[in-house]
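In this note's numbering, the protein residues as written are 42 to 308. For each residue, glycine too, the CB sits at the ideal point set by N, CA and C. Working notes for the structure below.
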């Protein structure tokens, strides 16, 4: 759940490319996507269950709201049951985006493991992002690292930008995302419209197929070592909620499933 927790399990899981690609080749294919006409999400709280090969493994709660000209996502999550006995993991995630442009501003994530706590901070600007990462086992001061790519997105802003689009069948978006520690080329294809059943109910949904390739230090694309392929479903209605994600990884299939949603009043 680390860098791809919550929204991330959705946008950040994918089908890797077969070999490294020259930087000049893939960069020309990136979609220069501006925000669409679909309105911003309503303030709400939602809960999700995560699992691995049909075994419940974790839960998460996400709240979404607006403060001034900013959209803010706050999430907490933790492993549960047998999985927690093997791997204790708790996470707090906060992401902020511009309400008008849907571009990312800030991201803070705190990962609490059994042996250490890791804190990741991302500060976005017009040219890319600056990352600072610390952990309780390291005594050295953190070294900020920059990743430059105009129009760069985090997972929160990538989902906001996608849901604002028409999302007609067959549409392809190629976006550069930076979830926590690396840049990735995410290819999202609108696979179709269908019904999907989740813990929160049955919805008419838009199915998205997801591909992910790592951008290395030479700005070439590399296969992802762990992720194979993924699909996500968002509700085909006025709210466009993230309903479910299924991803094939090196150890099997992982999923995230919305269990409940409650809309809250504007502040």
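Under the three-state reduction of DSSP, which class applies to residue 67: helix, strand or coil? Helix, per DSSP.
In this structure, does DSSP put residue 214 in helix, strand or coil? In the structure shown, residue 214 sits in a strand (DSSP, three-state: E or B).
Cα-Cα separation between residue 233 and residue 181, rounded to whole angstroms: Computed Cα separation, rounded: 49 Å.
Between 112, 110, 188 and 119, which lies nearest to residue 102 when the distance is taken from Cα to Cα? Of all alpha-carbon atoms in 112, 110, 188 and 119, the one lying nearest the alpha-carbon of residue 102 is that of 119.
Residue 124, DSSP secondary structure in three states: Correct three-state label for residue 124: helix.
So, for residue 124: in the same chain, excluding its five sequence neighbours on each side, which residues have a beta-carbon less than 6 Å away from its beta-carbon? Within its own chain, the residues whose Cβ lies closer than 6 Å to the Cβ of residue 124, once the five positions on either side in sequence are excluded, are 98, listed in chain order.
Should residue 146 and residue 111 be called a contact, given that it needs their Cβ atoms to be closer than 8 Å? It is a contact, given that the beta carbons lie within the stated cut-off.
First through last residue of the beta strand (DSSP E) which encompasses residue 198: It is not in any beta strand (DSSP E) - residue 198 instead sits in the alpha helix (DSSP H) that spans 196-204.
Is the distance from the Cβ of residue 154 to the Cβ of residue 130 below 8 Å? In contact: residue 154 and residue 130 (Cβ atoms closer than 8 Å).
Using the rule of at least 16 other Cβ atoms within 10 Å of the residue's Cβ for burial, across every protein chain shown, is residue 172 buried or exposed? Using a 10 angstroms sphere on the CB of residue 172, the tally of other CB atoms reaches 16 or more, which defines it as buried.
Is the distance from the Cβ of residue 228 to the Cβ of residue 252 below 8 Å? Less than 8 Å divides the Cβ of residue 228 from the Cβ of residue 252.
Going by DSSP in three states, residue 255 sits in which element: helix, strand or coil? In this structure, residue 255 counts as strand in the three-state DSSP scheme.
Alpha carbon to alpha carbon, how far is residue 264 from residue 214? Taking the straight line from one Cα to the other gives about 19 Å.
Quick test of the definition: if touching needs 3 or more C-beta pairs under 8 Å, does the segment 271-279 touch the segment 244-258? In this structure the segment 271-279 lies against the segment 244-258, because at least three pairs of beta carbons, one per stretch, are closer than 8 Å.
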